[in-house]
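So the structure is just underneath, and the comments pick up after that.
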Amino acid sequence: MTLIQTLRTEARAAPESGIVAVVNHGRLREGLIPLWAGEGDLPTPSFISDAAARGLAAGETFYTWQKGIPELRQALARYYARHFGKRFAEEEFIVTASGMHAIQLAIDAIAGSGDEVIYLSPAWPNFAAAAGVAGAVPVAVTLDQSGNGWSCDIDKIASAVTSRTKALLINTPSNPTGWTADKETLQAILDLARARNLWIIADEIYALFHYGHGRAPSFLDIATDEDRILFVNSFSKNWAMTGWRVGWIKTHPALQQVFENLIQYSTSGVAQFMQRGAVAALDEGDGFIVEQVERARAARDLVCDILGATGKARFTVPQGAFYLFFTVDGITDSRTAAFDIVDNANVGVAPGTAFGPGGEAFLRLCFHRRLDQLEEAAHRLAKWMKTV
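With the numbering used here, letter number 297 in the sequence shown gets 304, and the count goes up by one each step, no holes.
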């Protein structure tokens, strides 16, 4: 028996990220424009970093509240009151070591060996992988695509539910497709969950990155206090804090001790000085978010115009998030294409194969960057398309 064979089956089966594989291939290329990862190109703004630095200078380097410092949980309550019109107590928030950590804890709390977790695909690959590592079985239900864009067929979700299904993992606005559920779709999903006694894990990280009027529709608009919904979120996207690895879970206060225990036995809490930065992000960052969204809107329109003009790129203009998920005429193997784009266009994009069923023919481009760099990348891609 080899050394690796002595590990848990679930650990051995954890897949390499198809995104990271391309990143590793092109990371050190001189002049490459990296559009493969889900982050913008702005560093964390100083009002956030300075708050964290003050906490660090004040000696906030000891063990702290497992569930998050009270000031941060109170700031989260204020954030939801402003943006969602809902009043929540601080006991309804748990601070986690990233949005990914929030997702993992939510799955760990609900599903284990032999259980099933349904998710909408194409999807961020970490959803399925997190379920698999927990011992659960990820079950993909593909979004539909037509000339009218991406849509969700509730009957397909219902047909995938079995006696082993424990949860529906719903990400809207979606990474990578940009699909954004309307209120009617959310209501239908919630009705299904209620009827089948299922949990919903709601990833609404891109709720404010919405290109309609105001934020995207949310399960919070229709849910009651007793609905089985865990909201997972992160500071990464709204406030340019991807490297900070701070997130949260919004849950029923009756579950707080359970999640506090899960925090204890995974990370034992987020550094207090980093939480000071997160408080500043919430309380002082609304203007920065508005600027971010408008910047992303202009970038979306620019890249859609340039790639659309090629006549070879096919896509739906995304309603939310900050990704363009597109196909190229003549390309069926997006993984090979992504490596070729690195080598011959010096642009980094993510292969659709990384995003599961329904994504195989697509490429994902993160357009949340400054316009001059994005314009150059789009022209490089357009030039590459002429060669295929």
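Glycine included, C-beta positions come from ideal geometry on N, C-alpha and C.
Here the structure is a predicted model, which is why all the values come from computation and not from measurement.
Using three-state DSSP, classify residue i as helix, strand or coil.
| i | result |
| --- | --- |
| residue 255 | strand |
| residue 347 | helix |
| residue 391 | helix |
| residue 210 | strand |
| residue 277 | coil |
| residue 24 | coil |
| residue 5 | Nothing can be reported for residue 5: it is not among the residues displayed for the chain, which extend from 8 to 395. |
| residue 320 | strand |
| residue 266 | helix |
| residue 35 | coil |
| residue 184 | coil |
| residue 231 | coil |
| residue 128 | strand |
| residue 244 | coil |
| residue 368 | coil |
| residue 315 | helix |
| residue 292 | coil |
| residue 6 | Past the boundaries of the shown model lies residue 6; the chain is included only from 8 to 395, so the question cannot be answered. |
| residue 363 | coil |
| residue 162 | helix |
| residue 189 | coil |
| residue 340 | coil |
| residue 203 | helix |
| residue 15 | coil |
Below 8 Å on the Cβ atoms is my contact criterion, and I expect residue i with residue j to pass it. Report the Cβ-Cβ distance as a whole number of Å.
| i | j | result |
| --- | --- | --- |
| residue 163 | residue 148 | 5 Å |
| residue 190 | residue 224 | 5 Å |
| residue 263 | residue 98 | 5 Å |
| residue 157 | residue 355 | Going by Cβ atoms, the distance from residue 157 to residue 355 rounds to 24 Å, so no, they are not a contact pair. |
| residue 75 | residue 100 | 7 Å |
| residue 353 | residue 387 | 6 Å |
| residue 253 | residue 277 | 6 Å |
| residue 59 | residue 283 | 5 Å |
| residue 375 | residue 47 | 4 Å |
| residue 242 | residue 52 | Between residue 52 and residue 242 the Cβ distance is about 12 Å, and since that is not below 8 Å, they are no contact. |
| residue 381 | residue 309 | 6 Å |
| residue 139 | residue 20 | 6 Å |
| residue 113 | residue 239 | 5 Å |
| residue 120 | residue 142 | 4 Å |
Just grab the DSSP bridge partners of residue i for me.
| i | result |
| --- | --- |
| residue 327 | 217 |
| residue 355 | 41 |
| residue 373 | 330 |
| residue 123 | 144 and 172 |
| residue 156 | 153 |
| residue 225 | Residue 225 pairs with nothing; no bridge assigned. |
| residue 237 | 208 |
| residue 178 | 210 |
| residue 103 | 254 |
| residue 335 | 320 |
Original post:
Are the region 94 to 114 and the region 205 to 219 touching, with three or more C-beta to C-beta distances below 8 Å?
Top reply: yes
Subject >> Whole alpha helix (DSSP H) elements within the region 38 to 101, 4-residue minimum >> reply: 53 to 64 and 77 to 91
Original post:
Are the region 197 to 206 and the region 346 to 363 touching, with three or more C-beta to C-beta distances below 8 Å?
Top reply: Per the Cβ contact rule, the region 197 to 206 is not in contact with the region 346 to 363 (fewer than 3 Cβ pairs under 8 Å).
Original post:
Is the region 18 to 37 touching the region 355 to 371 in the sense that three or more CB pairs, one from each, lie closer than 8 Å?
Top reply: yes
Original post:
Taking one C-beta from the region 183 to 197 and one from the region 215 to 235 each time, how about it: are there three or more such pairs within less than 8 Å?
Top reply: yes
Original post:
Any chance the region 308 to 321 sits against the region 80 to 99, with 3 or more Cβ pairs inside 8 Å?
Top reply: no
Original post:
Between the region 121 to 132 and the region 282 to 291, are three or more C-beta pairs nearer than 8 Å?
Top reply: no
**OP:** Determine, using beta-carbon pairs with one atom in the region 11 to 19 and one in the region 323 to 338, whether at least three such pairs fall under 8 Å.
**Re:** no
**OP:** Evaluate contact between the region 128 to 135 and the region 362 to 376, counting only Cβ atoms and requiring at least three cross-stretch pairs below 8 Å.
**Re:** yes
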